[in-house]
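Protein chains in written order, with the working numbering: chain V, 1 to 105; chain C, 1 to 638; chain R, 1 to 171.
Where is the CB? At the ideal position from N, CA and C, for every residue including glycine.
Okay, structure first, notes after.
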Amino acid sequence: MPTPTPINIDFYVILATLLFVIGAFGVMIRRNMIVLLMCIELMLNAVNLLMVTFSSYYNNADAQIFVFFIIVVAAAEATVGLSILILAYRQLRTIDISIFNKLKG
Amino acid sequence: MGFSTIVYILLLLPLIGGITNGIFGKHLPKNLSGAIGTGAIFAAFLCVFTLFNHVNSPVQIDVFNILQFDSFSLEINFLVDQLSIWMSLIITGIGTLIHLFSMGYMKEDKGYYKFFTYLNLFIFAMLLLVLGGNYFVLFFGWEGVGICSFLLIGFHYSDPVKGISNSLAARKAFVMNRIGDAGLIFALFMLLSTIGTLNFTDISERLSEGVTMQNLTVLGITLCLFLAATGKSAQIPLFTWLPDAMAGPTPVSALIHAATMVTAGIYLVARSNFLFELAPLTKDIMLFTGIATSLFAAFMALRQNDIKKVLAYSTVSQLGLMVVALGLGAYSVAIFHVTTHAFFKALLFLGSGSVIHGMHHEQDIRKMGGLKKVMPITHWTFLIGTLAISGFPLLSGFYSKDEIIGHLFEQNPVLYGVIMVSVLMTAIYMFRLYFLTFHGTFRGTQSTWDHAHESPWTMTLPLLILSVFSVLGGLLNLPGLFLHKGAHWLSGYLHRAPGMHMIIHEPADFNTTLGLMAVASAACLGVLIWAYNNYVRKGSVAKSDEALDGWEKLSNRKLYWDEWYDWMVVKPVEWLGFQMNHTVEEKGLKSGISGLGIVTGKLGIVLRKLQSGNVTSYLSWMVIGMILLVVFYLLNGN
Amino acid sequence: MIATLITQILGALTIASAMMVVLSKHPVRSVLYLVVTFFFISGLYIMMNAQFLAIVNLIVYAGAIMVLFLFVLMLLNLNKEAEPKTPTLTWVIASIAAGTLFIVLIGALKDIVLVTRPGDQVAVSNIGLVKNLGNTLFTKYVVPFEISSILFISAMVGAILLAKREKQTID
Numbered sequence: 001m002p003t004p005t006p007i008n009i010d011f012y013v014i015l016a017t018l019l020f021v022i023g024a025f026g027v028m029i030r031r032n033m034i035v036l037l038m039c040i041e042l043m044l045n046a047v048n049l050l051m052v053t054f055s056s057y058y059n060n061a062d063a064q065i066f067v068f069f070i071i072v073v074a075a076a077e078a079t080v081g082l083s084i085l086i087l088a089y090r091q092l093r094t095i096d097i098s099i100f101n102k103l104k105g
Numbered sequence: 001m002g003f004s005t006i007v008y009i010l011l012l013l014p015l016i017g018g019i020t021n022g023i024f025g026k027h028l029p030k031n032l033s034g035a036i037g038t039g040a041i042f043a044a045f046l047c048v049f050t051l052f053n054h055v056n057s058p059v060q061i062d063v064f065n066i067l068q069f070d071s072f073s074l075e076i077n078f079l080v081d082q083l084s085i086w087m088s089l090i091i092t093g094i095g096t097l098i099h100l101f102s103m104g105y106m107k108e109d110k111g112y113y114k115f116f117t118y119l120n121l122f123i124f125a126m127l128l129l130v131l132g133g134n135y136f137v138l139f140f141g142w143e144g145v146g147i148c149s150f151l152l153i154g155f156h157y158s159d160p161v162k163g164i165s166n167s168l169a170a171r172k173a174f175v176m177n178r179i180g181d182a183g184l185i186f187a188l189f190m191l192l193s194t195i196g197t198l199n200f201t202d203i204s205e206r207l208s209e210g211v212t213m214q215n216l217t218v219l220g221i222t223l224c225l226f227l228a229a230t231g232k233s234a235q236i237p238l239f240t241w242l243p244d245a246m247a248g249p250t251p252v253s254a255l256i257h258a259a260t261m262v263t264a265g266i267y268l269v270a271r272s273n274f275l276f277e278l279a280p281l282t283k284d285i286m287l288f289t290g291i292a293t294s295l296f297a298a299f300m301a302l303r304q305n306d307i308k309k310v311l312a313y314s315t316v317s318q319l320g321l322m323v324v325a326l327g328l329g330a331y332s333v334a335i336f337h338v339t340t341h342a343f344f345k346a347l348l349f350l351g352s353g354s355v356i357h358g359m360h361h362e363q364d365i366r367k368m369g370g371l372k373k374v375m376p377i378t379h380w381t382f383l384i385g386t387l388a389i390s391g392f393p394l395l396s397g398f399y400s401k402d403e404i405i406g407h408l409f410e411q412n413p414v415l416y417g418v419i420m421v422s423v424l425m426t427a428i429y430m431f432r433l434y435f436l437t438f439h440g441t442f443r444g445t446q447s448t449w450d451h452a453h454e455s456p457w458t459m460t461l462p463l464l465i466l467s468v469f470s471v472l473g474g475l476l477n478l479p480g481l482f483l484h485k486g487a488h489w490l491s492g493y494l495h496r497a498p499g500m501h502m503i504i505h506e507p508a509d510f511n512t513t514l515g516l517m518a519v520a521s522a523a524c525l526g527v528l529i530w531a532y533n534n535y536v537r538k539g540s541v542a543k544s545d546e547a548l549d550g551w552e553k554l555s556n557r558k559l560y561w562d563e564w565y566d567w568m569v570v571k572p573v574e575w576l577g578f579q580m581n582h583t584v585e586e587k588g589l590k591s592g593i594s595g596l597g598i599v600t601g602k603l604g605i606v607l608r609k610l611q612s613g614n615v616t617s618y619l620s621w622m623v624i625g626m627i628l629l630v631v632f633y634l635l636n637g638n
Numbered sequence: 001m002i003a004t005l006i007t008q009i010l011g012a013l014t015i016a017s018a019m020m021v022v023l024s025k026h027p028v029r030s031v032l033y034l035v036v037t038f039f040f041i042s043g044l045y046i047m048m049n050a051q052f053l054a055i056v057n058l059i060v061y062a063g064a065i066m067v068l069f070l071f072v073l074m075l076l077n078l079n080k081e082a083e084p085k086t087p088t089l090t091w092v093i094a095s096i097a098a099g100t101l102f103i104v105l106i107g108a109l110k111d112i113v114l115v116t117r118p119g120d121q122v123a124v125s126n127i128g129l130v131k132n133l134g135n136t137l138f139t140k141y142v143v144p145f146e147i148s149s150i151l152f153i154s155a156m157v158g159a160i161l162l163a164k165r166e167k168q169t170i171d
């Protein structure tokens, strides 16, 4: 039984927010697609952290289950994302995201 | 038979006559269709005569209520009183004579049955106007005569030479009448909102019981009514349609523009006397308008060279005189002059129609002359008409004019002087017309002279009847100078109509009246002698259009009145229409509406740049959207 | 006391490694820094007594997904890729946007009172234990659990289909 620690919940909340913002920043900055995908994973983890925080402070199991499923979905998404990336690399020989502007209006 | 039945029959007769001619006229022989038309009006005349003999006090015949509220009501009813019976007598009586005349005059016309249809419908509308018991029914009749006038003026719209100008004249008459009609509608609204009823008897009762109206309201109502009268009775500034209306066939001019429609305005004011008595300012305006109209129209008639145009300006001038009488408050005198004017003006118009018919539709008096040898009956009747209108002593015109100018003299001797100028000019141009047409040597072509003939009995009989009335018409309302028994019969008769404030001026004294009469007679005789001298002895003839100069040119060109209107009114309206079309419609609306499309397109081009295809920018936009979402929720609620 | 200190240090290290993920030039280094970040996050989970999730995080995320990333990087030889420099404007916009996002989120959370019991203590919660979590998972959330297996199947099928080489190209 761990000793109760007088950590304010705010600490975790701000931490998670900061991680999320760093992830968002990375998404906007990086042009390498793989790093982009990784920043997305970082954002997902920030959310996981927040969820676990609330689950533990409110004694609620639902949030942790939700984290579980977030991890599931992140795994699937990373898989499919990387395979698309490989396809794109085969065509264009580059993974610079600014090349992919075929949707230009 | 009750009075209401007679009134219904009276109204239905011309209506049925008109409809019959309209539907079946094409298949009937000409004489029959003409006889139906004339017969209908003659039967109506008999009905009116019956009413005249039996109606002593006003009878109101209610037909049905259209609206009935606490604050106002609207009905259809007819008022049979002395004023309306008298007007109906004139309308149906002279109407019969003119129908008879038309049977001969329009004989060669292809639209013979159409003519009688329109004439009958006109009589119906006019009867509706005078028999109406409230302003509402009057308004129906008012509009009806306007439409029939339009149809009849433009009757020869398909004429290859003059068709377009005929239609334009008809349109001009209609539009100018419309301006007056707006006044009538306004007056109706104002009356309905202030007094709450449009019935003549009710209004006069309420006013005499002491219901007061604001001065401004009464002023407004009477001015609007006078505006309506200006339109129909051709006063300044709405008179220019009447000379142009001479484009219609001569019987139309005789009926509508001499005897009946143009007197509708006079009737309206006389009928509304209880309102006008409360607005002395309006009466003053009417006085001055009448004087001005009388003067200007007489001036314009001095050098006109078309028979009908001279008579048209003469009508305007005489109407001005009637309006003067109304402005003085002498309503019965105005009606008296309406009566006598109906007689001699119809006579003059029909006479001119006879001349035109005999000259094979030549209307320029410069091409006439010496016609008394060929058309004796026309000649003598026309002479009687001329003498009557010039105020030759003891004829009908003399008495009615004398009453008016007598009242005017009491009011304002200066204005009396001005009117005497107008009376002098009347005599001058009428005698000029008579002498140039019937005396002297013939100035036309030889073939016209060979074919000139007297008119058939259908045309000369009305002339004879009317000339008798023109001579004897004065007996209706003799001044109380020498005989006291039969004097002022018409005034007394009309006095029994409801609310008719008859200002029976007793003339100042015997001497004044006699003096005025003497002056008027001297003027007339003097002009007669001068004209005889000038036109017969010296043989002066009317100059051609180019040789005119100075005041003669002004007179011949109608003081350029039409040109003024064209410049002041028509051109700005046309300019406005042009602007509306080119500027507002093509540029404004087009750039407004299609501009909307263009702006949308351009906006699309600009916004398209947002879709850069650049994933980074999309992601940035997502983050920004997230921010905005959170801010929105922060600000708007918990 | 110690626990507080540990938590705070872990938090700081997490932030630092996350910043390095975003800012480092070599993609491989980004991956490695991300793995380190996951470790620290798992540490935080353990401090909150979410034991199961801590382990799962390590096994799945750090162990499988990041390895996948590394495989792709290595096999496609993308480490040498010199990423073109992002324009300065993008830097400015991104910084401003990210900063604004942070401020806004903090502002949103500022006035929320999150206290559940006096003392702000971590709940003596055994929720994170495997037994308790498994209890909830297999009773209340058993259907999503089964459906997630279908999700995995479709992801696998998709990945294989997408990455399959065309027969004729030798490449």
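Residues of the segment 87 to 116 of chain R with a C-beta atom less than 8 Å from some C-beta of chain C are THR90, ILE93, ALA94, ALA97, ALA98, THR100, LEU101, VAL104, LEU105, GLY107, ALA108, listed in chain order. For the segment 610 to 636 of chain C, the set of residues with a beta-carbon nearer than 8 Å to any beta-carbon of chain R comprises THR616, SER620, VAL623, ILE624, MET626, ILE627, VAL630, VAL631, TYR633, LEU634, in chain order. Counting C-beta pairs closer than 8 Å gives fewer than three between the segment 215 to 224 of chain C and the segment 153 to 168 of chain C, which falls short of the contact rule.
Going by C-alpha positions, C:ILE598 is about 28 Å away from C:ASN614.
Nearest CB-CB separation between V:ILE34 and chain R: below the 7 Å threshold. Every alpha helix (DSSP H) stretch that sits fully inside the segment 104 to 145 of chain C and reaches 4 residues is listed by chain position as 112 to 131. Nearest to C:TYR113 by alpha-carbon distance, out of C:ALA279, C:ILE19, C:CYS47, is C:ILE19.
Secondary structure of V:LEU103 (DSSP, three-state): coil.
Under the three-state reduction of DSSP, C:ILE76 is assigned to strand.
Only those residues of the segment 54 to 67 of chain R whose C-beta falls short of 8 Å from the nearest C-beta of chain V are listed: VAL56, ASN57, VAL60, TYR61, ALA64, ILE65. Proximity of the segment 72 to 81 of chain V to the segment 37 to 49 of chain V meets the contact definition, three or more beta-carbon pairs being nearer than 8 Å.
Classified as exposed, C:TYR633 has fewer than 16 neighbouring CB atoms from the shown chains inside 10 Å of its CB. Only exposed fits C:GLY2, as fewer than 16 other CB atoms lie within 10 angstroms of its CB. With fewer than 16 other CB atoms across the displayed protein chains lying within 10 angstroms of its CB, C:GLN446 is exposed.
Checking the DSSP bridge columns, you'll see R:ILE93 has no partner listed.
Interface criterion not met: the Cβ of V:GLY81 is under 7 Å from no Cβ in chain R. Under the three-state reduction of DSSP output, C:LEU67 falls in the strand class.
For the pair of segments examined, the segment 247 to 266 of chain C was found not to touch the segment 199 to 219 of chain C: the number of CB pairs separated by less than 8 Å stays below three.
Taking all protein chains in view, the Cβ of C:LYS558 is crowded by 16 or more other Cβ atoms within 10 Å, so the residue is classified as buried. Where C:LYS309 is concerned, the enclosing alpha helix (DSSP H) starts and stops at 307 to 327. In its chain, beyond the 5 residues on either side, TYR12, LEU15, ALA16, LEU19 have a beta carbon closer than 8 Å to the beta carbon of V:LEU49.
Pairwise C-beta distances place the segment 266 to 282 of chain C out of contact with the segment 302 to 311 of chain C, as fewer than three of them are shorter than 8 Å. Where R:LYS131 is concerned, the enclosing alpha helix (DSSP H) starts and stops at 130 to 139. For the segment 13 to 24 of chain V, the set of residues with a beta-carbon nearer than 9 Å to any beta-carbon of chain R comprises VAL13, ILE14, LEU15, THR17, LEU18, LEU19, PHE20, VAL21, ILE22, GLY23, ALA24, in chain order. Look at C:VAL55 here: in three-state DSSP terms it is coil, with no helix or strand label. Within the DSSP bridge table, the entry for C:GLN60 names C:LEU79 as partners.
The beta carbons of C:LEU10 and C:ALA44 sit closer together than 7 Å. Short of 8 Å from the beta carbon of C:SER167, and not among the five residues preceding or following it, lie these beta carbons of its own chain, in chain order: GLY154, TYR157. Taking the Cα of R:VAL31 as reference, the smallest distance to any Cα among V:LEU37, V:MET51, V:MET28 is reached at V:LEU37.
Beta-bridge pairing by DSSP links V:ASN32 to V:ASP96. Residue-level contact by beta carbon fails for V:GLN91 and chain R, as no gap is shorter than 7 Å.
Of all alpha-carbon atoms in C:LEU83, C:LEU603, C:TYR399, C:GLY601, the one lying nearest the alpha-carbon of C:THR513 is that of C:TYR399. With a contact defined as Cβ atoms closer than 8 Å, V:VAL80 and R:LEU53 miss out at about 24 Å. For the pair of segments examined, the segment 327 to 334 of chain C was found not to touch the segment 439 to 458 of chain C: the number of CB pairs separated by less than 8 Å stays below three.
Burial is judged here by how many other beta carbons sit within 10 angstroms of a residue's own beta carbon; C:HIS27 has fewer than 16 and is exposed. Boundaries of the alpha helix (DSSP H) around C:PRO280: 280 to 301.
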